[in-house]
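Peer 1: This is the structure I have questions about; it appears just below.
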DNA sequence: ATGGTAGAACATCTA
């Protein structure tokens, strides 16, 4: 079983790229973030024609998440329990015997911003939700744009990024809090090396100079550990014309 | 210290 996550930074702009990538990779599941469109405008028919069921939770201009799967998602949840939040960042569903949670974690802007406090509050609600979810579902996958680089191996210049947004100690502690529930970063379960990034800033030639961060993650529950086969980051879509600033990350389960 | 680019409500916000 092949799972993937991709922050597309506007599905309207990136639809043809997503369809092309699905055709090439044929994942069983693709989680999208930053679709930036209302549900009434979601291109469900195009994905159906490509052989994918879609569930989605979107809004105009910002945020928006979706799950595309070859089998129909069931038990769909569109609201993060315990948090009043108009921002569409959360989607959970049963897919192929897995409980799947797609997250577009709050960016936070900077550590002295109100948005940073919102990020930490949001992550606390995610932790509380996942704690109850893990009690119900042994086979759980949490994937998406976490907007947190787990450790310095995931940062092109750790000194420049030290204590900055996406790398600060409280953010990393919040991510560790999720892992402590009984989840693991599947990429790190299979790879030790630094320099494997999933996001590069559009500005100042970030991709050309490989000034990236690994902030797109696929977490898997302990019960899935023996099924982990391969984890990868596909940099190719970041080389395409008019790319998203993120590239897809993948996990293969036996 | 600022701004650099991209996408969206096309004016500023968010990232």
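Numbering (the numbering used here), first residue to last: 86 to 339.
Glycine included, every Cβ here is placed at the ideal spot set by N, Cα and C.
Because the structure is a prediction, the values reported are computed rather than measured.
1. By the three-class DSSP mapping on this structure, what secondary structure does residue 264 have?
2. For residue 247, which residues of its own chain have a beta-carbon under 6 Å away from its beta-carbon, when the five flanking residues on both sides are left out?
3. On the three-pair Cβ rule with 8 Å, is the segment 265-273 touching the segment 182-195?
4. Mind checking which residues open and close the alpha helix (DSSP H) that includes residue 91?
5. Can you tell me which residues form a DSSP beta bridge with residue 170?
6. For a quick check, are the C-beta atoms of residue 318 and residue 228 less than 7 Å apart?
7. State the start and end residues of the unbroken beta strand (DSSP E) segment that holds residue 175.
8. Classify residue 286 as buried or exposed, calling it buried when 16 or more other Cβ atoms lie within 10 Å of its own Cβ.
9. Going by C-alpha distance, which of 153, 134, 265 is nearest residue 120?
10. Would you say residue 150 and residue 94 are within 7 Å of each other, going by their C-beta atoms?
11. Are the beta-carbon atoms of residue 140 and residue 128 separated by less than 7 Å?
12. Which residues in the same chain as residue 242 place their Cβ atom closer than 8 Å to its Cβ, once the five residues preceding and following it in sequence are excluded?
13. Contact check, residue 167 vs residue 210 under 8 Å by CB: the rounded distance?
14. Have a look at the DSSP bridge pairing and note the partners of residue 141.
15. Below 6 Å CB to CB, which residues in the same chain sit around residue 207 once its five sequence neighbours on both sides are set aside?
16. Classify residue 118 as helix, strand or coil using the three-state DSSP reduction.
Peer 2: Quick look at the numbers:
1. Residue 264 falls in the helix class under three-state DSSP.
2. Counting only Cβ-Cβ distances below 6 Å, and skipping sequence neighbours, we find nothing.
3. No contact exists between the segment 265-273 and the segment 182-195.
4. That residue, residue 91, is in no alpha helix (DSSP H); its beta strand (DSSP E) goes 87-92.
5. According to DSSP, which records beta bridges pairwise, residue 170 is partnered with nothing at all.
6. The answer is no: Cβ separation not under 7 Å.
7. It spans 175-180 - the beta strand (DSSP E) in which residue 175 sits, taken as one unbroken run.
8. By the neighbour-count rule (16 or more Cβ atoms within 10 Å), residue 286 is not buried but exposed.
9. Nearest of 153, 134, 265 to residue 120, Cα basis: 153.
10. Taking the C-beta atoms as reference points, residue 94 is found no nearer than 7 Å to residue 150.
11. Taking 7 Å as the Cβ cut-off, residue 140 and residue 128 do not qualify as a contacting pair.
12. These residues qualify, in order along the chain: 296.
13. Rounded to whole angstroms, the Cβ separation of residue 167 and residue 210 is 5 Å, and the two are in contact under 8 Å.
14. Under the DSSP definition of a beta bridge, residue 141 partners with 151.
15. If we look at residue 207 and ignore the five residues flanking it on each side, its Cβ neighbours are 191.
16. Strand.
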